[in-house]
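Here the structure is laid out as structure tokens; the discussion comes afterwards.
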Amino acid sequence: MSTFGALLYFDGRPVARTDIERMSQALIVSRKYEPRIKLNGAFAMAHQLNPFTPEDLFERQPYTDPSGRYWLLADARLDNRDELLKEFGIAAATASSVADGSLVMEAFCRWGHDSPQKLQGDFAFLVWDCLEKSLFCACDPMGSRTLLFYWKPPFLAVSTLLRGLHALPQIPRTADRTALIDYLALRPLAIGHTLFEGIERVPAGYTFFATAGRRQLKRYWFLEGRKEIRLPNDEAYREAFMELFTKAVHSRLRAIGPVGISMSGGLDSASVGALAATELAKKNQKLTAFTLVHRRSFDPNIRTERIDPEYAFVEAMKARYANLEAVYLTGKDQRLLDELDADFEAAGIMPHSVLFQRRHRTLFPEVQSRGIRVLLNGYNGNATLSYSGLDSIFPLFVKGRWLSAFEGIRALQPLHRNSFRQLFFRLLLSPFYPQTLDLLINAFFPDKRAHVRQTYGIKPEYYYGAKSPAFKDALGYFKNITMRMNPNFARERMFIDGIQNNVADLWPATRASWQIDERDPASDQRLVEFCLSIPMEQFLRKGANRFLLRNAMKPYLPEQILNRASFGLREPDLVERVDEVREGMHLRFQRIKAANRLDFLDYEQLQTMLDAPAKQGCDAARYAMRAITMGEFAAWLAGSND
620 MSTFGALLYF DGRPVARTDI ERMSQALIVS RKYEPRIKLN GAFAMAHQLN
670 PFTPEDLFER QPYTDPSGRY WLLADARLDN RDELLKEFGI AAATASSVAD
720 GSLVMEAFCR WGHDSPQKLQ GDFAFLVWDC LEKSLFCACD PMGSRTLLFY
770 WKPPFLAVST LLRGLHALPQ IPRTADRTAL IDYLALRPLA IGHTLFEGIE
820 RVPAGYTFFA TAGRRQLKRY WFLEGRKEIR LPNDEAYREA FMELFTKAVH
870 SRLRAIGPVG ISMSGGLDSA SVGALAATEL AKKNQKLTAF TLVHRRSFDP
920 NIRTERIDPE YAFVEAMKAR YANLEAVYLT GKDQRLLDEL DADFEAAGIM
970 PHSVLFQRRH RTLFPEVQSR GIRVLLNGYN GNATLSYSGL DSIFPLFVKG
1020 RWLSAFEGIR ALQPLHRNSF RQLFFRLLLS PFYPQTLDLL INAFFPDKRA
1070 HVRQTYGIKP EYYYGAKSPA FKDALGYFKN ITMRMNPNFA RERMFIDGIQ
1120 NNVADLWPAT RASWQIDERD PASDQRLVEF CLSIPMEQFL RKGANRFLLR
1170 NAMKPYLPEQ ILNRASFGLR EPDLVERVDE VREGMHLRFQ RIKAANRLDF
1220 LDYEQLQTML DAPAKQGCDA ARYAMRAITM GEFAAWLAGS ND
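What follows is the structure, given as structure tokens:
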């Protein structure tokens, strides 16, 4: 996982050495490797090596082609490495010394702007064309790597980390007010936007091209409209799925040193862990599983299965795989909202959830202490591997297949922990009364806007903005109904929105700061395309939800995980943790209210949310903590601008 950046002036003025050196210093994540700088008049590049695979040790960036026309910087871990080596005629005897970055260079020299479509894996790269005086950038379709840029003609700065841009005096460190409101309200930011004014990002599956006269963001990866994959029977689907899933896990085991996994005990992470443990056992290597558990899990007077089911599920995996070591983390010394400034400094933005902040503060130090730098997970599994088939219910009902729809609801009940009546309304009736209708009502009747205050703690006039959303949301109503009739299209759209609207730099910057590379086989591009192109019946059928993964993993998983009716828990003791920091939350809140840097917050409502007992208002407390975190972020940002 390299970090890199580039500066250029399209009018030909030279880049100051002090500027590229500032950027280079901000990109350092390990003092073990010296940063490399190339300064060539109006263009400058900085690269910091942070190796995670054996081939990374052979990186010598920046790369150039034999003619000297192209200069490339890349942060890449390629899944189709073997295919590319064969395509480029690189002998097997020398393949182990060929870095992934050099393969990206070869790909660009051969395919130019089409090269991102030929690459599989986690990557972000930029190429400077010395002849045409243009810059080309690309990010992988799953958003596993980040590339940010600041454009103020004739100046352009690009970096994999926000702090690489903020190290430059000419780039203001000013938050985007509209983006902050959207971020707090859990609304997606506009494609390519960040929380900072003037700083944009190359979205997942996009390229960015810039010359002196123009700039262009162009999408190169499309999931929508793919032809549905039809196979003869369940066994054929199982075989095709397992071939891709096994490849996805295997390609992510390429590492320097031991490999770990963040395992909740749910179906997704357990499946990844089972295949990883099986593969590592062939090499007499172990897999270390890290699981967040309730702090009372090890009290002999407490029945652990009642308070912490994750413990029992991981123990079953440990019994099944001799090379799997289980590490249970209580995070007893880590309190919610601690060390926020350090997290802001590392990532450049606020965490989207206090759960994320608590998780990495508890997990990453333990992973580091064991010499593990590659950590597997199954975070995207709910959308790919173990999709429940939720979106198939509505079209079944509309098409008159009521018995199948009712059977599907019954199968989904235990997974979503809802009564039949609740799921019936949610899946069959709510599409005719979506949130957009609520927004229409609230737009015309301001006194009905209470839900905005109660849910997010935002003043309605700021939430809605100056323009009424009525017309847009009226169109959205009909689009919603149409989309629901094609469950695969709806699912594709939600998946793409999810990866394209991730706020830039949070995950990559945090991982880089801890020198840990998290890898998700459920985000493998080939596996994603397969899972979102097969019939919905492979996910919800025969009275079972998540049918495909359960069917495929029968030889690998203990029965209690195969038959698990709930999702894995990532934060098993949130209620207790909210209670223990309540007093501190009130103190922080009073400081934020006094500073009043965020005038769009409804402080009266936030006070009500903070006062709600955690067991009765856990969600309210969670939103209040997010508002407090945003206030702390605003204070940190103001201090950093002084």
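The numbering used here applies: residue 620 is where the sequence shown begins, and numbers increase by one.
The beta carbon of each residue, even a glycine, is placed where N, CA and C say it ideally should be.
Closest Cα partner of G950 within the set T683, M936 and V986: The sequence position of residue 950 within the sequence shown is 331, counting from 1. The closest CA to that of G950, considering only T683, M936 and V986, is found on V986.
Beta-bridge pairing of S881 - partner residues as DSSP gives them: Counted from its first residue, the sequence shown places residue 881 at position 262. Answer by DSSP bridge pairing, in chain order: F909.
Simplified DSSP state of R1207, which is helix, strand or coil: Residue 1207 sits at position 588 when you count from the first residue of the sequence shown. Of the three classes helix, strand and coil, the one that applies to R1207 here is helix, per DSSP.
Inter-residue spacing [alpha-carbon to alpha-carbon] between R641 and R845: In the sequence shown, counting from the first residue as 1, residue 641 sits at position 22. In the sequence shown, counting from the first residue as 1, residue 845 sits at position 226. Distance from the CA of R641 to the CA of R845, rounded to the nearest whole angstrom, comes to 45 angstroms.
Cβ contact check for the stretch 707–721 and the stretch 749–767: 3 or more pairs under 8 angstroms: Contact fails between the stretch 707–721 and the stretch 749–767, because fewer than three Cβ pairs, one in each stretch, are under 8 angstroms apart.
Validate contact between the stretch 899–911 and the stretch 1145–1162 using beta carbons, cut 8 angstroms, 3 pairs: With the cut-off at 8 angstroms, the stretch 899–911 and the stretch 1145–1162 do not touch.
Top-ranked residue by Cα proximity to R1169, from T981, M761, V821 and S1007: Within the sequence shown, the letter at position 550 stands for residue 1169. Considering only alpha carbons, the answer is S1007.
First and last residue of the uninterrupted beta strand (DSSP E) at G624: Position 5 of the sequence shown, counted from the start, is the residue given in the question as residue 624. Counting along the chain, G624 sits inside the beta strand (DSSP E) bounded by residues T622 to Y628.
For R1216 and I1077, the rounded distance between their alpha carbons: Numbered from its first residue, the sequence shown carries residue 1077 at position 458. Numbered from its first residue, the sequence shown carries residue 1216 at position 597. Spanning the two alpha carbons is a distance of roughly 14 angstroms.
L1047, DSSP secondary structure in three states: By one-based count along the sequence shown, residue 1047 stands at place 428. Helix.
Counted within 10 angstroms of its Cβ, other Cβ atoms place S686 as buried (16 or more) or exposed: Stepping through the sequence shown from its first residue, residue 686 is reached at position 67. By the neighbour-count rule (16 or more Cβ atoms within 10 Å), S686 is not buried but exposed.
Outcome for P633 when other beta-carbon atoms lying within 10 angstroms are tallied against a minimum of 16: Walking along the sequence shown from the start, residue 633 turns up at place 14. Counting the other CB atoms within 10 Å of its CB gives P633 a total below 16, which places it among the exposed residues.
Alpha-carbon to alpha-carbon, S888 and L982: Within the sequence shown, residue 982 is the residue found at index 363, counting from 1. Within the sequence shown, residue 888 is the residue found at index 269, counting from 1. Between the alpha carbons of L982 and S888 lies a distance of about 15 angstroms.
Spatial neighbours of W1255 in its chain, beta-carbon cut-off 7 angstroms, leaving aside the 5 residues before and after: As a working note, residue 1255 is residue 636 in the sequence shown. Excluding sequence neighbours, W1255 sits near D960 and F963.
Nearest to A893 (by Cα), restricted to the options A945, G876, L850 and D853: What you label residue 893 is simply residue 274 of the sequence shown in a count that begins at 1. Comparing Cα positions, the closest option is A945.
Cut-off 6 angstroms between Cβ atoms - residues of its own chain near V746, not counting five sequence neighbours on either side: Residue 746 sits at position 127 when you count from the first residue of the sequence shown. When the five nearest sequence neighbours on each side are left out, the beta carbons in the same chain lying within less than 6 angstroms of the beta carbon of V746 are those of Y689, L691, F727 and F755, in order along the chain.
Ranges of the alpha helix (DSSP H) found wholly within the stretch 660–703, counting only runs of at least 4: Listed in chain order, there is nothing to give.
Opposing strand residues paired with T826 [DSSP bridges]: Counting from 1 along the sequence shown, the entry for residue 826 is found at position 207. Paired residues: A757 and K837.
Reference A1141; option with closest CA among R1029, L995 and F1043: Locating residue 1141 in the sequence shown gives position 522, where the first residue counts as 1. Between A1141 and the set R1029, L995 and F1043, the nearest pair of CA atoms involves L995.
Cβ-based burial, T637 [other Cβ within 10 Å; buried from 16]: Position 18 of the sequence shown, counted from the start, is the residue given in the question as residue 637. With fewer than 16 other Cβ atoms within 10 Å, it is exposed.
DSSP bridge partner residues for A945 (one or two, in chain order): Here residue 945 corresponds to residue number 326 of the sequence shown, with the count starting at 1. According to DSSP, which records beta bridges pairwise, A945 is partnered with A908.
Expected contact under 8 angstroms - CB spacing of M1155 and S1011 to nearest Å: Along the sequence shown, read from residue 1 onward, the residue named residue 1155 stands at position 536. Along the sequence shown, read from residue 1 onward, the residue named residue 1011 stands at position 392. With a beta-carbon spacing of about 4 angstroms, M1155 and S1011 fall inside the 8 angstroms limit used to define contacts.
Cutoff 7 angstroms; reference F735; Cβ partners in own chain excluding five residues on either side: Reading the sequence shown from its first residue, position 116 is the one you call residue 735. Residue identity check: residue 735 is Pro in the sequence provided, not Phe. Excluding the 5 residues flanking it on each side, P735 has same chain C-beta neighbours closer than 7 angstroms at A757, T826 and Y839, in chain order.
Distance CB(D1136)-CB(V993) smaller than 9 angstroms: If you number the sequence shown from 1, residue 1136 lands on position 517. If you number the sequence shown from 1, residue 993 lands on position 374. For D1136 and V993, yes; Cβs fall inside 9 angstroms.
Counterpart residues of L1220 in DSSP-defined beta bridges: Within the sequence shown, the letter at position 601 stands for residue 1220. Beta-bridge pairing links L1220 to I1077.
Inter-residue Cα distance where the pair is L1042 and Q1032: As a position in the sequence shown, residue 1042 is number 423, starting the count at 1. As a position in the sequence shown, residue 1032 is number 413, starting the count at 1. Each residue's Cα considered, the two are about 7 angstroms apart.
Simplified DSSP state of S574, which is helix, strand or coil: This structure leaves residue 574 out entirely; the chain is present only between 620 and 1261.
Residue from L704, L955 and L626 whose Cα sits closest to the Cα of F774: In the sequence shown, the residue the question calls residue 774 occupies position 155. Distance from the Cα of F774 is smallest, within the candidate group L704, L955 and L626, for L626.
L1206: CB within 8 angstroms of a non-hydrogen atom of the ligand ZN: For the ligand ZN, the structure offers nothing, since it holds no ligand at all.
Best match in A645, L646 and R1110 for proximity to C1150 [C-alpha to C-alpha]: Numbered from 1 along the sequence shown, position 531 holds the residue referred to as residue 1150. Looking at A645, L646 and R1110, the one whose alpha-carbon comes closest to that of C1150 is R1110.
Under 9 angstroms between C-beta atoms of L608 and A798: Any answer about residue 608 is impossible in this case: the structure gives the chain only from 620 up to 1261.
Separation of H1035 from K1067, as counted between CA atoms: As a first step, residue 1067 is located in the sequence shown; it is residue number 448 there, counting from the start. As a first step, residue 1035 is located in the sequence shown; it is residue number 416 there, counting from the start. Low confidence applies here, because K1067 scores a pLDDT of 48, under 50, leaving its location unreliable; read the following figure in that light. Approximately 29 angstroms, taken between the alpha carbons.
Euclidean distance between Cα positions of M936 and R1196: Translated into the one-based positions of the sequence shown, residue 936 becomes position 317. Translated into the one-based positions of the sequence shown, residue 1196 becomes position 577. Cα to Cα, M936 sits roughly 28 angstroms from R1196.
Contacting residues, own chain, Cβ-Cβ under 6 angstroms from F677 (five flanking each side not counted): Within the sequence shown, residue 677 is the residue found at index 58, counting from 1. Counting only Cβ-Cβ distances below 6 angstroms, and skipping sequence neighbours, we find S716 and A718.
Residue range of the unbroken beta strand (DSSP E) whose run includes S778: Here residue 778 refers to the residue found at position 159 when the sequence shown is read from its first residue. Annotation: the continuous beta strand (DSSP E) that includes S778 extends over F774 to S778.
Nearest residue (CA-CA) to A1243, options G1258, D1221 and A1257: Here residue 1243 refers to the residue found at position 624 when the sequence shown is read from its first residue. Closest option to A1243, Cα to Cα, is D1221.
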